[in-house]
Amino acid sequence: MSTQTSVFFLGATGYIGGAVLQLLLEDSRYEITLLVRDQGKAKIFEEKFNVRTVIGTLEDEKLLEEEAAKADVVFNIAALWIIPGIKALLAGSKIRFEKTGEKPIFIHTSGAAAVAGEDAHGEDIPGKTYVDTDVATMTNLSSEHIHNIADTMVRRADVEGGYVRSYILYPPMVWGEQRGILAEAGLANVRPPAMSLPIKFSIARGQGGVIGKGLNKWSHVEVHEQADLYKLVLESALSNPTFPSGNEGTYFPSSGTFTMLSAAKSYTKALFASGKSRSADPEPFTDEELAQWGPGGIFARYMGSSVVCEGERGRALGWKPVLGTSAFLASLGVEVEASLAER
71 MSTQTSVFFL GATGYIGGAV LQLLLEDSRY EITLLVRDQG KAKIFEEKFN
121 VRTVIGTLED EKLLEEEAAK ADVVFNIAAL WIIPGIKALL AGSKIRFEKT
171 GEKPIFIHTS GAAAVAGEDA HGEDIPGKTY VDTDVATMTN LSSEHIHNIA
221 DTMVRRADVE GGYVRSYILY PPMVWGEQRG ILAEAGLANV RPPAMSLPIK
271 FSIARGQGGV IGKGLNKWSH VEVHEQADLY KLVLESALSN PTFPSGNEGT
321 YFPSSGTFTM LSAAKSYTKA LFASGKSRSA DPEPFTDEEL AQWGPGGIFA
371 RYMGSSVVCE GERGRALGWK PVLGTSAFLA SLGVEVEASL AER
């Protein structure tokens, strides 16, 4: 009988998911099954990393349920907004519990935008600093944010259903190039998608841009330091059957806070040095430009709001991120170079 912990992993080729997955691949204690869309990538995963893959999408509900039912751990770093897929994963985990009597671990990825306030359009509107140990606040977040629909389902499966041990991580602005074995194999997205948006739109208009005055604030974390927290939560849950979950299983992987103006100044300066911005100082994006940032301009609304969060739970476990705001701002020059190279 295998003594390995079986893991069903969603998000293997993603920016955040790839960084987490490579930590698990380097650890022989895990028997990993990946959901992969592309058969070519699935073959590489199996041949290079000795994992099992299943071909499918987040809409393949029957497949998701079947695979979750086989797993000690479900890692969802993909199906944030696809509610039927999350329901299927939870249904599979419930089957697993009913069969084994052991509650599977369900690690779900939300986003710090779940605590975003009103669309400040770059203004410094006084707001709340969210702390992950504030159970009353974390369990009563606005249902207007699509994140919280799925988050509530996952948490209730633990607190009310009693058939999983749930842990929800809320990534803020994640930055840095993904490095390591999956990046080298060409299997994972290596660039941070969020900050790529204003940089690419700035390049297209020939001038570095900012949302409004850029006075709104966001918390941030480097992608590999965040991955360390994912694994730390997993290992803590595996080593301790009473490790707090559900209402007390929420985590903000936050390393620091920045203003959007400081970020815009950094990438605009780099664009100007490359001859891709008329000025070294950022100028406001127009409403017409911001409307192109996702359906209905949803990403512009989030990035123009303030999202300030503090992660006390992770630090209590020993998580110690060292890359702060100065490192984040310096990384934006690299993102400018990468965006220009893609054109």
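The sequence shown begins at 71 in my numbering and counts up by one.
Backbone N, C-alpha and C fix where the C-beta goes; we use that ideal spot for every residue, glycine too.
Taking the C-beta atoms as reference points, Tyr100 is found nearer than 8 angstroms to Thr75. Ranked by Cα distance from Ala186, the first of Tyr240, Arg107, His294, Lys157 is Tyr240.
Here Met208 is not near Met243, since their CB atoms are 8 angstroms or more apart. Per DSSP, the continuous alpha helix (DSSP H) segment holding Glu135 begins and ends at 131-138. Pairwise C-beta distances place the region 302-315 out of contact with the region 210-223, as fewer than three of them are shorter than 8 angstroms.
For His217, the enclosing alpha helix (DSSP H) has its first and last residue at 216-229. The continuous stretches of alpha helix (DSSP H) do not include Ile238, which lies in the beta strand (DSSP E) extending over residues 235-239. The C-alpha of Pro354 is placed about 8 angstroms away from the C-alpha of Gly284. Secondary structure within the region 302-386: the beta strand (DSSP E) runs of 3 or more consecutive residues, fully enclosed, are 326-329, 378-380 (chain order). Taking Ala138 as reference, the option from Val234, Phe119, Glu116, Thr179 with the minimal CA-CA separation is Val234. With a cutoff of 8 angstroms on beta-carbon distance, Asn259 and Tyr372 are scored as not near each other. If you compare the alpha carbons of Val201, Ile281, Ile102, Ile368 with that of Glu193, the shortest gap goes to Ile281. Here Arg107 is exposed. Its C-beta has fewer than 16 other C-beta atoms within 10 Å.
Counting of Cβ neighbours within 10 angstroms places Lys287 among the buried residues, the total reaching 16 or more. In the three-state reduction of the DSSP assignment, Leu160 falls in the helix class, which pools H, G and I. Check the Cα spacing between Gln248 and each of Asp221, Asp202, Ser289, Gln296: the tightest is with Gln296.
DSSP places Val90 inside the alpha helix (DSSP H), whose first and last residues are 85-95. Taking the Cα of Lys113 as reference, the smallest distance to any Cα among Ala206, Pro268, Ala255, Asp221 is reached at Ala255. For Val185, there is no enclosing alpha helix (DSSP H), as DSSP marks it with neither H nor E. In this structure, the alpha-carbon of Arg166 lies about 23 angstroms from that of Ser180.
Under the DSSP definition of a beta bridge, Glu292 partners with Trp245.
Residues of the same chain with a CB within less than 6 angstroms of the CB of Tyr200, apart from the 5 flanking positions on each side, are Val185, Cys379 in chain order.
C-alpha of Asp97 to C-alpha of Ala350: approximately 46 angstroms in a straight line.
Less than 8 angstroms separates the beta-carbon of Leu128 from that of Ile152. The DSSP-derived three-state label of Arg122 is strand.
Residue state for Thr199 is assigned as strand, using DSSP reduced to three classes. Lys270 and Gly87 have their alpha carbons spaced roughly 23 angstroms apart.
For Val77, the enclosing beta strand (DSSP E) stretches over residues 75-80. DSSP, read as helix, strand or coil, puts Lys390 in coil.
Collapsing the DSSP output to three states places Lys113 in a helix. Val205 has its alpha-carbon roughly 14 angstroms from the corresponding atom of Asp221. Here Ile175 carries a strand assignment [DSSP, helix/strand/coil]. Within its own chain, no residue has a Cβ closer than 8 angstroms to the Cβ of Ala274 once the five positions on either side in sequence are excluded.
Membership of Leu410 in the alpha helix (DSSP H) is indicated by the continuous run 395-412.
In the displayed model, Gly279 falls within a strand according to three-state DSSP.
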